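**Student:** Anchor point for the sequence shown: position 24 equals 953 in this note's numbering, and the numbering is continuous, going up by one each time.
All C-beta atoms in this analysis are idealised placements derived from N, C-alpha and C, irrespective of residue type, glycine included.
If you're wondering where the values come from, they're calculated on a predicted model, not measured in any experiment.
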Amino acid sequence: MDDTLKRLLDAEMRAEHLANQAEEDQDRIIKKAVADTKTENDRFTARIPDLHRAFIAKAEERAEQNIAELRRRYDERHVQLRDQAEQREDEALEAAFQVLIAPDH
């Protein structure tokens, strides 16, 4: 009976040792996961200014493209209006001359 009791106590001691070791491993894994998460969070936080600058640069680039397109359209429209004014200049001068010559008509 003493031998059986001794084997049971040894088995209980080994089981307790394994349980303690498992708890220590679990604590170590949790601490490592927390540390890794903090490291990744810090790394991401450190990149925020770069991400912000890149976003601003892209937005400025798009704004400059839009401004260039608007200027191009404005210039085209300006040329069209100038051409129309030149085309109608002779008609306007003739009409004004007619008004001056014969104001009653």
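In chain order, what are the residue ranges of uninterrupted beta strand (DSSP E) at least 3 long that sit wholly in the segment 948-1017?
**Tutor:** Entirely contained in the segment 948-1017, not one beta strand (DSSP E) run reaches 3 residues.
**Student:** A1031 by DSSP, collapsed to three states: which one?
**Tutor:** Note: A1031 maps to coil in three-state DSSP.
**Student:** Suppose you measure from the CA of L937 to the CA of A944; what does that come to, to the nearest Å?
**Tutor:** Rounded to the nearest angstrom, the two C-alpha atoms are 10 Å apart.
**Student:** DSSP state of M930, grouped into three classes?
**Tutor:** Three-state DSSP puts M930 in coil, outside helix and strand.
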